[in-house]
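Single-structure report; data block below.
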Amino acid sequence: QKEVEQDPGPLSVPEGAIVSLNCTYSNSAFQYFMWYRQYSRKGPELLMYTYSSGNKEDGRFTAQVDKSSKYISLFIRDSQPSDSATYLCAMTPNQAGTALIFGKGTTLSVSS
Amino acid sequence: NAGVTQTPKFQVLKTGQSMTLQCAQDMNHNSMYWYRQDPGMGLRLIYYSASEGTTDKGEVPNGYNVSRLNKREFSLRLESAAPSQTSVYFCASRRGQGGGEKLFFGSGTQLSVL
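This is the structure we're talking about:
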């Protein structure tokens, strides 16, 4: 079992829909949880990050972490065509010397 | 503000050829990373450098070497390219190694090995 599992999709939704993207993980030592957004032919950019469990909201985006279930989610409200991209979850323990572990990414397409 | 700059953006090699991918960051970051991204495989860490003067293997280091030339520059070398190394390569950097440190990526190098 890989440390981080993410459904690659693709996921297609109409404009205005609520989108739910998810990752599961197996390493209970993970403390930092991130979502990166990657547009076609570009490098990933950090979208959201959360430390330990709980929710974090930023505009139309909400990140949730459930450490008891080893499950993280990213919700996008009122999705826009500009949200069409690949979304990668990433996580790491809170210790120096460890790199981020990425999921495979979910490709999202929002149609107008 | 350039951030993380990678060169070249595209490269085609023949099997057995060698090449070096260059990466430079202007954010005074201590840690630098090389990832490869393949369809269905996500981002996989090749090598990283936690600080100037140190390098460590990641998940998929075979067939690659790295050099942390100075604090700004971190290069990735393919000594004898193989078709399995056809991929998109990303360099990234961050200020430190703490879990909450933001990782900044370059725009990638698309490499094809024929």
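Those protein sequences? They're chains A and B, same order as listed. Each residue of the first sequence is one higher than the last, beginning at 971 in this note's numbering. Each residue of the second sequence is one higher than the last, beginning at 89 in this note's numbering. We put the CB at the ideal spot given by N, CA and C, even for glycine.
Less than 8 Å separating the beta-carbons of residue i and residue j?
{"i": "B/Lys-97", "j": "B/Thr-197", "result": "yes"}
{"i": "B/Asn-158", "j": "B/Glu-140", "result": "yes"}
{"i": "B/Arg-182", "j": "B/Ser-119", "result": "yes"}
{"i": "A/Val-989", "j": "A/Leu-1058", "result": "no"}
{"i": "B/Val-92", "j": "B/Trp-122", "result": "no"}
{"i": "A/Ala-1069", "j": "B/Gly-146", "result": "yes"}
{"i": "A/Val-974", "j": "A/Ile-1071", "result": "yes"}
{"i": "B/Cys-111", "j": "B/Gln-125", "result": "no"}
{"i": "A/Leu-1044", "j": "A/Leu-991", "result": "yes"}
Can you name, in chain order, every residue of its own chain whose Cβ lies under 6 Å from the Cβ of residue i, other than the five neighbours on each side?
{"i": "B/Ser-200", "result": "Val-100, Thr-174"}
Taking the alpha-carbon of residue i as reference, which of the options has the nearest alpha-carbon?
{"i": "A/Thr-1076", "options": "A/Asp-1053, A/Pro-1063, A/Ala-1069", "result": "A/Asp-1053"}
{"i": "B/Tyr-152", "options": "B/Ala-180, B/Ser-106, B/Thr-95", "result": "B/Ser-106"}
{"i": "A/Gly-1073", "options": "B/Cys-111, B/Arg-132, B/Thr-108, B/Val-148", "result": "B/Arg-132"}
{"i": "B/Ser-163", "options": "B/Gly-194, B/Gly-130, B/Ser-172, B/Pro-171", "result": "B/Gly-194"}
{"i": "B/Ala-169", "options": "B/Thr-143, B/Asn-150, B/Cys-179, B/Arg-160", "result": "B/Asn-150"}
{"i": "A/Cys-993", "options": "A/Ser-1082, A/Pro-1051, A/Ala-1060", "result": "A/Ala-1060"}
{"i": "A/Tyr-1041", "options": "A/Ala-987, A/Gly-979, A/Phe-1000, A/Ser-982", "result": "A/Phe-1000"}
{"i": "B/Cys-179", "options": "B/Asp-144, B/Gly-130, B/Tyr-136, B/Met-129", "result": "B/Tyr-136"}
{"i": "A/Pro-1063", "options": "A/Leu-991, A/Pro-984, A/Ser-996, A/Val-983", "result": "A/Ser-996"}
{"i": "A/Gly-1013", "options": "B/Arg-160, B/Val-176, B/Gly-184", "result": "B/Val-176"}
Using the C-alpha atoms, what's the distance from residue j back to residue i?
{"i": "A/Arg-1011", "j": "A/Asp-1048", "result": "25 Å"}
{"i": "B/Arg-156", "j": "A/Tyr-1006", "result": "26 Å"}
{"i": "A/Glu-1015", "j": "B/Ile-134", "result": "19 Å"}
{"i": "A/Phe-1031", "j": "B/Lys-190", "result": "18 Å"}
{"i": "A/Thr-1056", "j": "A/Tyr-1009", "result": "6 Å"}
{"i": "B/Thr-108", "j": "B/Gly-130", "result": "22 Å"}
By Cβ distance below 7 Å, which residues in the same chain neighbour residue i in space, the five residues on each side in sequence not counted?
{"i": "A/Thr-1020", "result": "Phe-1003, Lys-1026, Ala-1033, Val-1035"}
{"i": "A/Lys-1037", "result": "Ser-1022, Ser-1023"}
{"i": "B/Gly-104", "result": "Ser-168, Ala-169"}
Following a CB-centred definition, is residue i positioned closer than 7 Å to any heavy atom of the ligand ATP?
{"i": "B/Thr-142", "result": "Absence of the ligand ATP from the depicted structure is noted, as is the absence of any ligand whatsoever, leaving it without description."}
Here's a check: name, in chain order, each residue in its chain whose Cβ is nearer than 8 Å to the Cβ of residue i, leaving out the five neighbours to either side.
{"i": "B/Thr-142", "result": "Arg-156"}
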